[in-house]
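Q:
In the working numbering, the protein residues as written are 1 to 317.
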């Protein structure tokens, strides 16, 4: 082909089109993140109107003890264990005087029972000696108690004293990072970031809702993305099962049709109460409770006897 013809042919060809780059989403602004976070909270409030602390308790002392016991175990396990514990030691004074071996047997089902026994004996003695036998209602005081950190203190303040607090446990930290509210790993830093996003009045209930969602749907290893009511707001959607039918099988507690964690749940809880200990564990705990009561009775008798010997005028006729 003549050179001029080749040149003309080449010139008549349309220029090769450049590959089209996928349009990248604009980074989310801080304001947009805050708005999305608050919408997530509103959505969770509709999904979990019955959100509550999942530890059974009747007073601040019981909640404090139960929260310390909840480390490295489930709230269900704690709730199955504390009835016998509080039957043996209903007050800080009683618990501070406990025989360590008796307490260890009572709380054995929660795991790490020796370390937890040391914490419970220490915090009970501190409450007795430093706070007149009453659980203090200030964070600065609570964190001075053995075994009590900010998370435990905020649980007690928010649910026993009505003082707003953010509870950053493993569920809370995991979810706020999935939602891109923060990438912080340190619980204290996570608490500070989230506190800037929400008004103080929301802190306690926000904590319950997030933890509820983490336990029921947004699991650590297998989040049920396809059954998640806030999926459209989640930047991490797709990390877990997205098929609705398969995701539905991953739901836990009342969302999956199973009993909850509390033996005595609030009246508005839609699920079934949790079962108590059964079989060998129940028998072992009954034996431990009997031993604790026997030891407590012996100590009381001994104290009474010692008191009668030293009382003014004792033995005088």
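Every residue, glycine too, gets a C-beta built ideally from N, C-alpha and C.
1) Identify which residue in 247, 124, 70, 51 has its Cα closest to the Cα of residue 266.
2) Using only CA atoms, which one of 283, 192, 68 lies nearest to residue 147?
3) By the three-class DSSP mapping on this structure, what secondary structure does residue 102 have?
4) In angstroms, rounded to a whole number, what distance separates the CA positions of residue 46 and residue 288?
5) Quick check on the burial criterion: 16 or more other C-beta atoms within 10 angstroms. Buried or exposed for residue 160?
6) Can you list, in chain order, the residues of its chain with a C-beta nearer than 7 angstroms to that of residue 320? Leave out the 5 residues immediately preceding and following it.
7) Just the C-alpha distance for residue 36 and residue 233, rounded to the nearest angstrom, thanks.
8) Where does the unbroken alpha helix (DSSP H) through residue 232 begin, and where does it stop?
9) DSSP on residue 112, reduced to helix/strand/coil?
10) From residue 120 to residue 270, what distance separates their C-alpha atoms?
11) Tell me which same chain residues have a C-beta within less than 8 angstroms of the C-beta of residue 205, skipping the five on either side of it?
12) Looking at the structure shown, is residue 21 part of a helix, part of a strand, or coil, going by DSSP?
13) Might you give, ordered along the chain, the residues of its own chain that have their beta carbon closer than 8 angstroms to the beta carbon of residue 195, omitting 5 neighbours on each side?
14) Which same chain residues end up closer than 6 angstroms to residue 96 when comparing Cβ atoms and leaving out the 5 residues on each side of it in sequence?
15) Among the candidates 225, 197, 255, whose CA atom is the shortest distance from the CA of residue 235?
16) Tell me where the alpha helix (DSSP H) around residue 41 begins and ends.
17) Taking residue 70 as the reference, which of 84, 105, 109 has the closest Cα?
18) Which whole-angstrom value is the C-beta distance of residue 227 and residue 248, which I expect to be below 8 angstroms?
19) Can you confirm whether the stretch 97-116 touches the stretch 53-64 when touching is taken to mean that 3 or more C-beta pairs between the two stretches lie within less than 8 angstroms?
20) With 16 other CB atoms within 10 Å as the buried threshold, where does residue 275 fall?
21) Write down the C-beta distance between residue 174 and residue 220 rounded to the nearest angstrom, noting that I regard them as a contact closer than 8 angstroms.
22) Inspect the beta-carbon positions of residue 176 and residue 150 and report whether they are closer than 8 angstroms.
23) With respect to 7 angstroms, is the separation between the Cβ of residue 36 and the closest non-hydrogen atom of the ligand SAM below this value?
24) Indicate whether residue 178 and residue 218 have their beta-carbon atoms separated by less than 8 angstroms.
25) Quick one: what does DSSP say residue 148 is sitting in, helix, strand or coil?
26) Straight-line CA distance for residue 116 to residue 41?
27) For residue 145, which residues of its own chain have a beta-carbon under 6 angstroms away from its beta-carbon, when the five flanking residues on both sides are left out?
28) Compare the Cα-Cα distances from residue 107 to each of 292, 32, 297 and report the closest residue.
29) Can you tell me the Cα-Cα spacing of residue 294 and residue 209, whole angstroms?
30) Does the separation of the CB atoms of residue 60 and residue 156 fall below 8 angstroms?
A: Answer, in terms of the structure:
1) Indexing the chain shown from 1 puts residue 266 at position 266. Of the listed residues, the one whose Cα sits closest to residue 266 is 51.
2) Indexing the chain shown from 1 puts residue 147 at position 147. The shortest Cα separation from residue 147 among 283, 192, 68 belongs to 68.
3) For the purposes of this step, residue 102 is taken as residue 102 along the chain shown, with counting starting at 1. Helix.
4) The residue labelled residue 46 in the question sits at position 46 within the chain shown. The residue labelled residue 288 in the question sits at position 288 within the chain shown. One C-alpha to the other measures close to 43 angstroms.
5) Taking the first residue of the chain shown as 1, we reach residue 160 at position 160. Answer is buried; the Cβ neighbour count reaches 16.
6) There is simply no residue 320 to check, as the chain begins at 1 and stops at 317 in what is shown.
7) Walking along the chain shown from the start, residue 36 turns up at place 36. Walking along the chain shown from the start, residue 233 turns up at place 233. Here the alpha carbon of residue 36 sits roughly 7 angstroms from the alpha carbon of residue 233.
8) Against the chain shown, residue 232 aligns to sequence position 232. Counting along the chain, no alpha helix (DSSP H) covers residue 232, and no H or E run does either.
9) As a position in the chain shown, residue 112 is number 112, starting the count at 1. Residue 112 falls in the coil class under three-state DSSP.
10) If you number the chain shown from 1, residue 120 lands on position 120. If you number the chain shown from 1, residue 270 lands on position 270. Each residue's Cα considered, the two are about 33 angstroms apart.
11) Taking the chain shown and counting its residues from 1, one reaches residue 205 at position 205. Result list for residue 205: 45, 51, in chain order.
12) Translated into positions along the chain shown, residue 21 becomes position 21. For residue 21, the predicted structure reports a pLDDT of 49, less than 50, and the residue's modelled location is therefore unreliable. A value from the coordinates is still provided. Three-state result, residue 21: coil.
13) Within the chain shown, residue 195 is the residue found at index 195, counting from 1. Cβ within range, chain order: 166, 203.
14) The residue given as residue 96 occupies position 96 in the chain shown. 124, 125, 128, listed in sequence order.
15) Taking the chain shown and counting its residues from 1, the one referred to as residue 235 is at position 235. Scanning 225, 197, 255 for the CA closest to the CA of residue 235 turns up 225.
16) Here residue 41 refers to the residue found at position 41 of the chain shown. From DSSP, the alpha helix (DSSP H) with residue 41 extends over 30-47.
17) Walking along the chain shown from the start, residue 70 turns up at place 70. Residue 70 has its Cα closest to that of 109, out of 84, 105, 109.
18) Mapped onto the chain shown, residue 227 falls at position 227. Mapped onto the chain shown, residue 248 falls at position 248. About 5 angstroms; that satisfies the 8 angstroms criterion.
19) Contact annotation: the stretch 53-64 does not touch the stretch 97-116, with fewer than three C-beta pairs closer than 8 angstroms.
20) On the chain shown, residue 275 is found 275 positions in, with the first residue counted as 1. Its Cβ having fewer than 16 others within 10 Å, residue 275 is exposed.
21) Locating residue 174 in the chain shown gives position 174, counting from the first residue. Locating residue 220 in the chain shown gives position 220, counting from the first residue. Contact flag correct, Cβ pair sits at about 6 angstroms.
22) Against the chain shown, residue 176 aligns to sequence position 176. Against the chain shown, residue 150 aligns to sequence position 150. No, these two residues do not count as a Cβ contact at 8 angstroms.
23) This structure does not include the ligand SAM; it has no bound ligands of any sort.
24) Your numbering for residue 178 matches position 178 in the chain shown. Your numbering for residue 218 matches position 218 in the chain shown. Yes, the Cβ-Cβ distance between residue 178 and residue 218 is below 8 angstroms.
25) One-based indexing of the chain shown puts residue 148 at position 148. Note: residue 148 maps to coil in three-state DSSP.
26) What you label residue 116 is simply residue 116 of the chain shown in a count that begins at 1. What you label residue 41 is simply residue 41 of the chain shown in a count that begins at 1. Whole-angstrom Cα-Cα distance: 34 angstroms.
27) For the purposes of this step, residue 145 is taken as residue 145 along the chain shown, with counting starting at 1. The residues are 123, 126.
28) Here residue 107 refers to the residue found at position 107 of the chain shown. Ranking the options by Cα distance to residue 107, first place goes to 292.
29) Taking the first residue of the chain shown as position 1, residue 294 is located at position 294. Taking the first residue of the chain shown as position 1, residue 209 is located at position 209. Each residue's alpha carbon lies about 43 angstroms from the other.
30) Taking the first residue of the chain shown as position 1, residue 60 is located at position 60. Taking the first residue of the chain shown as position 1, residue 156 is located at position 156. Taking the C-beta atoms as reference points, residue 156 is found nearer than 8 angstroms to residue 60.
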